[in-house]
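Taking it in order: structure first as structure tokens, then the write-up.
There are 4 protein chains.
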Amino acid sequence: MAKYGFIGSGLMGNPMAMNLIKAGHQLTVYNRDAAKCKNLVEAGATQVSTPLEVVAAADVTYCMVSDPEAAMAVCFSPHGVIQGVGSGKGYVDMSTVDPQTAEKIGISIQARGGEYLEAPVSGTVQPARDGQLVIMAAGDESLMKRAQAGFDAMGKKTVFLGEIGAASSMKLTVNMMMGSMITALSEGLTLAEASGLKGEDLLDILAAGALACPMFQGKGSAMLANNFTANFPLKHLQKDLRLAVQLGDHHRVPLANAAVSNEVAKRACQIGLENDDMCAIVQALRPPQA
Amino acid sequence: MAKYGFIGSGLMGNPMAMNLIKAGHQLTVYNRDAAKCKNLVEAGATQVSTPLEVVAAADVTYCMVSDPEAAMAVCFSPHGVIQGVGSGKGYVDMSTVDPQTAEKIGISIQARGGEYLEAPVSGTVQPARDGQLVIMAAGDESLMKRAQAGFDAMGKKTVFLGEIGAASSMKLTVNMMMGSMITALSEGLTLAEASGLKGEDLLDILAAGALACPMFQGKGSAMLANNFTANFPLKHLQKDLRLAVQLGDHHRVPLANAAVSNEVAKRACQIGLENDDMCAIVQALRPPQA
Amino acid sequence: MAKYGFIGSGLMGNPMAMNLIKAGHQLTVYNRDAAKCKNLVEAGATQVSTPLEVVAAADVTYCMVSDPEAAMAVCFSPHGVIQGVGSGKGYVDMSTVDPQTAEKIGISIQARGGEYLEAPVSGTVQPARDGQLVIMAAGDESLMKRAQAGFDAMGKKTVFLGEIGAASSMKLTVNMMMGSMITALSEGLTLAEASGLKGEDLLDILAAGALACPMFQGKGSAMLANNFTANFPLKHLQKDLRLAVQLGDHHRVPLANAAVSNEVAKRACQIGLENDDMCAIVQALRPPQA
Amino acid sequence: MAKYGFIGSGLMGNPMAMNLIKAGHQLTVYNRDAAKCKNLVEAGATQVSTPLEVVAAADVTYCMVSDPEAAMAVCFSPHGVIQGVGSGKGYVDMSTVDPQTAEKIGISIQARGGEYLEAPVSGTVQPARDGQLVIMAAGDESLMKRAQAGFDAMGKKTVFLGEIGAASSMKLTVNMMMGSMITALSEGLTLAEASGLKGEDLLDILAAGALACPMFQGKGSAMLANNFTANFPLKHLQKDLRLAVQLGDHHRVPLANAAVSNEVAKRACQIGLENDDMCAIVQALRPPQA
Numbered sequence: 322m323a324k325y326g327f328i329g330s331g332l333m334g335n336p337m338a339m340n341l342i343k344a345g346h347q348l349t350v351y352n353r354d355a356a357k358c359k360n361l362v363e364a365g366a367t368q369v370s371t372p373l374e375v376v377a378a379a380d381v382t383y384c385m386v387s388d389p390e391a392a393m394a395v396c397f398s399p400h401g402v403i404q405g406v407g408s409g410k411g412y413v414d415m416s417t418v419d420p421q422t423a424e425k426i427g428i429s430i431q432a433r434g435g436e437y438l439e440a441p442v443s444g445t446v447q448p449a450r451d452g453q454l455v456i457m458a459a460g461d462e463s464l465m466k467r468a469q470a471g472f473d474a475m476g477k478k479t480v481f482l483g484e485i486g487a488a489s490s491m492k493l494t495v496n497m498m499m500g501s502m503i504t505a506l507s508e509g510l511t512l513a514e515a516s517g518l519k520g521e522d523l524l525d526i527l528a529a530g531a532l533a534c535p536m537f538q539g540k541g542s543a544m545l546a547n548n549f550t551a552n553f554p555l556k557h558l559q560k561d562l563r564l565a566v567q568l569g570d571h572h573r574v575p576l577a578n579a580a581v582s583n584e585v586a587k588r589a590c591q592i593g594l595e596n597d598d599m600c601a602i603v604q605a606l607r608p609p610q611a
Numbered sequence: 322m323a324k325y326g327f328i329g330s331g332l333m334g335n336p337m338a339m340n341l342i343k344a345g346h347q348l349t350v351y352n353r354d355a356a357k358c359k360n361l362v363e364a365g366a367t368q369v370s371t372p373l374e375v376v377a378a379a380d381v382t383y384c385m386v387s388d389p390e391a392a393m394a395v396c397f398s399p400h401g402v403i404q405g406v407g408s409g410k411g412y413v414d415m416s417t418v419d420p421q422t423a424e425k426i427g428i429s430i431q432a433r434g435g436e437y438l439e440a441p442v443s444g445t446v447q448p449a450r451d452g453q454l455v456i457m458a459a460g461d462e463s464l465m466k467r468a469q470a471g472f473d474a475m476g477k478k479t480v481f482l483g484e485i486g487a488a489s490s491m492k493l494t495v496n497m498m499m500g501s502m503i504t505a506l507s508e509g510l511t512l513a514e515a516s517g518l519k520g521e522d523l524l525d526i527l528a529a530g531a532l533a534c535p536m537f538q539g540k541g542s543a544m545l546a547n548n549f550t551a552n553f554p555l556k557h558l559q560k561d562l563r564l565a566v567q568l569g570d571h572h573r574v575p576l577a578n579a580a581v582s583n584e585v586a587k588r589a590c591q592i593g594l595e596n597d598d599m600c601a602i603v604q605a606l607r608p609p610q611a
Numbered sequence: 322m323a324k325y326g327f328i329g330s331g332l333m334g335n336p337m338a339m340n341l342i343k344a345g346h347q348l349t350v351y352n353r354d355a356a357k358c359k360n361l362v363e364a365g366a367t368q369v370s371t372p373l374e375v376v377a378a379a380d381v382t383y384c385m386v387s388d389p390e391a392a393m394a395v396c397f398s399p400h401g402v403i404q405g406v407g408s409g410k411g412y413v414d415m416s417t418v419d420p421q422t423a424e425k426i427g428i429s430i431q432a433r434g435g436e437y438l439e440a441p442v443s444g445t446v447q448p449a450r451d452g453q454l455v456i457m458a459a460g461d462e463s464l465m466k467r468a469q470a471g472f473d474a475m476g477k478k479t480v481f482l483g484e485i486g487a488a489s490s491m492k493l494t495v496n497m498m499m500g501s502m503i504t505a506l507s508e509g510l511t512l513a514e515a516s517g518l519k520g521e522d523l524l525d526i527l528a529a530g531a532l533a534c535p536m537f538q539g540k541g542s543a544m545l546a547n548n549f550t551a552n553f554p555l556k557h558l559q560k561d562l563r564l565a566v567q568l569g570d571h572h573r574v575p576l577a578n579a580a581v582s583n584e585v586a587k588r589a590c591q592i593g594l595e596n597d598d599m600c601a602i603v604q605a606l607r608p609p610q611a
Numbered sequence: 322m323a324k325y326g327f328i329g330s331g332l333m334g335n336p337m338a339m340n341l342i343k344a345g346h347q348l349t350v351y352n353r354d355a356a357k358c359k360n361l362v363e364a365g366a367t368q369v370s371t372p373l374e375v376v377a378a379a380d381v382t383y384c385m386v387s388d389p390e391a392a393m394a395v396c397f398s399p400h401g402v403i404q405g406v407g408s409g410k411g412y413v414d415m416s417t418v419d420p421q422t423a424e425k426i427g428i429s430i431q432a433r434g435g436e437y438l439e440a441p442v443s444g445t446v447q448p449a450r451d452g453q454l455v456i457m458a459a460g461d462e463s464l465m466k467r468a469q470a471g472f473d474a475m476g477k478k479t480v481f482l483g484e485i486g487a488a489s490s491m492k493l494t495v496n497m498m499m500g501s502m503i504t505a506l507s508e509g510l511t512l513a514e515a516s517g518l519k520g521e522d523l524l525d526i527l528a529a530g531a532l533a534c535p536m537f538q539g540k541g542s543a544m545l546a547n548n549f550t551a552n553f554p555l556k557h558l559q560k561d562l563r564l565a566v567q568l569g570d571h572h573r574v575p576l577a578n579a580a581v582s583n584e585v586a587k588r589a590c591q592i593g594l595e596n597d598d599m600c601a602i603v604q605a606l607r608p609p610q611a
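Protein chains in written order, with the working numbering: chain P, 322 to 611; chain Y, 322 to 611; chain D, 322 to 611; chain R, 322 to 611.
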């Protein structure tokens, strides 16, 4: 088995790394806040104190951090990934970034003789724990062979999409639709409530028809219960909507639905909900509490 | 078995009426364009030439026409439904109307001693043929007993929601979400195409995750194939979005996502697509053909 | 001089009627809340207790009420305008209504031998007091001769636009732009404040350039002073935005900017500001007070 | 008189530089496309071949290029501005950039002992020719003394706004409102045309009321005449809307009106109008030509 590395042990990275360990992979880990690697070490991982050391120890290093700025820092900071990359090294960045960031990182990795895949995922904390993520990969197809075992431990499905930029574009497109859909769900529930209907009846009817999807059931129930414990923080959804609108800008595609959903998400952040789950977006539409 | 009547033999009404006949009900039918009842007569229905005659012959009359104006005309025109209503008569209007129209019709029916249910449906032509509609009913709960056999022949699920207005409000809420979702799907596919991705890959990834729903698969494939043959005409979706935005107006609920989806739908109608299927909305976003 | 009548003595109607009296016209007045005619009677008007009596006493009757429902009631209720209309009577409805309402009223007036003009205005309370309204008229051009003296007392400019419906369409178009512009101003001021800039500097810079308009100075200053005393209530602006979006619907014109401005206005109404001045719309964008 | 320099001789920069020459300033000029400096040289300017040489020759150098990328290149490229900055040198960047870019440039200038002002302008080509721009300045207040003479030659009004970032934030706020307003104007004219009204009547009525502004008259007339010759290219307006929406993102201010206006502008670019004047945005709303 290849020696794997994992950078980033947050809400998503921690359970993803754990699945690599459970699948029997020798794993070297790093996280800025070192305490978050404790359970991984207890399960058998080796902890180091810089991204560089991870890359030095591993054949293929996976990374899962929260946004483009963090992904760039992990790669290019002193003692960053780029310092340890050379022939034979593979780097798989699974963070959600914009295509331009994926390109900057990927080109630098390749320039130093390494192989690179951008591989963002669809799915949040529970699918991450269950190893049921959907993985969208692009970049060096030759790295897919060595990385696939790791993908199989972390996910239920991997799709290879082509050249660097394709996977981040796809991820942003999917999350853009998620942002529009959770805004639509918020509008549906708020309108139902205001019309004297029961939100449970709306979810029931949705579940029986062509619009039935797992997200409506899960997030809809959370909204009805006012349960906003963060699975996927609203500020990350809003970041994805922003990046998607920018991608549309880049390709001259008008995205009015995504653009207004982005503004509703900003309003929800403005009123203090940015660290709550993305389903807290409904609070931007409900009348303020008396 | 109760004697049933059916007014309206269009895209939806015809297969719904056919299911009543197949279930063994004695059926009296009427349609403005008489030729559209031909297959129903061949299957055993009795055709008459006014709504009034339908109500006279039936214990419970169902109606399925295209919009509030048509529903009002069927009820209140000379030789309309209201002329034949009295004690013992039941009227079930399954057309999609705004709550105010449902109220006008229902109150008039009740004033003449009849029983009334508004019972719009979720589902389009194929579910109508297959007897797999989702039926949302409200009004005189006492009429549910006599109408349920008809509902069971036409649908897979009936939900009773309360007083007149509740079912049309629920229907508009569901169709509002459908309008927002098909706009989101259009944005996703157009952005994917512009980014050099394959639309099929997007649909694949959607199908594997929390956003997976039958509509994305069906309408997404149709969009990729440029197949806009009307199942649910775009002009009807746009009408539903308009009525939903007005309902939000009535209840002071801001619906930015639905409001812009409505404007995108109007743009698609403006460029000539209003009689195409609702999935033709994607053409308002794609670059014009060279 | 022609004998004039005036129906509606609210925020706008009262000063408009006063200008007719000051110009020397013999005026018969009516208002649902009779107390609001007190100052007009003191200035020389004759007060009556039904719209019918106004029309009976006057050659040309002007009406200024708040919305389509009120305009219809004034015309068609028992003892309404329509009862008193016949050959030689002129009716000039200056209320802001949708074109379909203008048509219903106008056609009924004409059917009874009367002449009709729809004549909505641009301008709020201060221009009403100063006789500086902009009047948009349409309908029976022959009535313009007898009505012009009244228009000259109430306004600074009259434009005759054509057939019934043209003036209400024009009024809605203008007020739609006003709704979009006051939303844009709200966004500008809120963004400036959040960026650490002074709102006064923004208004200063606007006043010096191509975007300089009286509304920005007036409403902008009111927003900075948190002065929301109603000149033009927000609920009326929202009604106009709603009617404009519907007019766009009727003509298949996509109006995304107006549609979202309408939703922002609804949000402001939802949080309790509907009886405040339209400039209170900025509160829907500012962060909630601590 | 101070020795001035001017970098950028495009649509805006050329007439601005010409006004400095006409006011009697000794001017050193540079433009990437050298031919565009011809008229300036004929009027007495000295042409050089790099930004560095401009800064070397001048006490205060003004720059006017088209976007953040160009502004960064002028400053940081080999033989760029930064190479020539030291104690006593002043740099005034009048390009429209986002606040982060202004900060990067300004901090670098200051780090080398120079003084810096960001000074974007309001107004397009004609006001540039007439020396009637509105100038928004921020940064080193001490540089205002030496730069003011240049500002007075180029503009009618200068406002000093504070620390670096304040002027670019203000400029983006103003241009965001311009984008929303020209979208509102497009909606107004398109709705008027579709309702059978004359666009000239709408412009007439606007000019008489509280919404009267120079932009409506100028751009409105151009739209009616289908005259889209570029004064301010649509692609620049769309860039400004994009940067404004991002600034709102940064400060958590929801900007729904600006966001949808941005999408309408993108649609207009998508259909081929990005090099036309910003008033070509109306073509995204008008029905396609038969």
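By construction, the Cβ of each residue, glycine as well, lies at the ideal position given by its N, Cα and C atoms.
Kindly give me the distance between the Cβ atoms of residue i and residue j, rounded to whole angstroms, as I take these residues to be in contact under 8 Å.
| i | j | result |
| --- | --- | --- |
| P:N496 | Y:E508 | Rounded, the Cβ-Cβ distance is 12 Å, inconsistent with contact. |
| R:M475 | R:N340 | 5 Å |
| R:T511 | R:R607 | 6 Å |
| Y:L527 | P:M491 | About 10 Å separates the two Cβ atoms, so there is no contact after all. |
| P:T479 | P:A458 | 6 Å |
| R:V395 | R:C384 | 6 Å |
For the beta strand (DSSP E) that residue i lies in, which residues bound it at each end?
| i | result |
| --- | --- |
| D:K560 | No beta strand (DSSP E) holds D:K560; the alpha helix (DSSP H) holding it covers L555 to H571. |
| R:I456 | L454 to G460 |
| R:G476 | G476 to F481 |
| R:L348 | L348 to Y351 |
| P:G326 | Y325 to I328 |
On the three-state DSSP scale, how would you describe residue i?
| i | result |
| --- | --- |
| D:S501 | helix |
| Y:E363 | helix |
Cβ of residue i within 8 Å of Cβ of residue j?
| i | j | result |
| --- | --- | --- |
| D:T382 | D:I328 | yes |
| P:G613 | P:N583 | Coverage of chain P is limited to positions 322 through 611, which leaves residue 613 of chain P absent and any answer about it impossible. |
| P:G530 | Y:V455 | yes |
| D:P535 | R:A505 | no |
| Y:A323 | Y:D380 | yes |
| Y:M599 | Y:L555 | yes |
| D:T417 | D:P441 | yes |
| R:A468 | R:P336 | no |
| D:A586 | D:L558 | yes |
The alpha helix (DSSP H) with residue i in it runs from where to where?
| i | result |
| --- | --- |
| D:M339 | G334 to K343 |
| P:V386 | From DSSP, P:V386 is part of no alpha helix (DSSP H); its letter is neither H nor E. |
| R:L524 | G520 to A528 |
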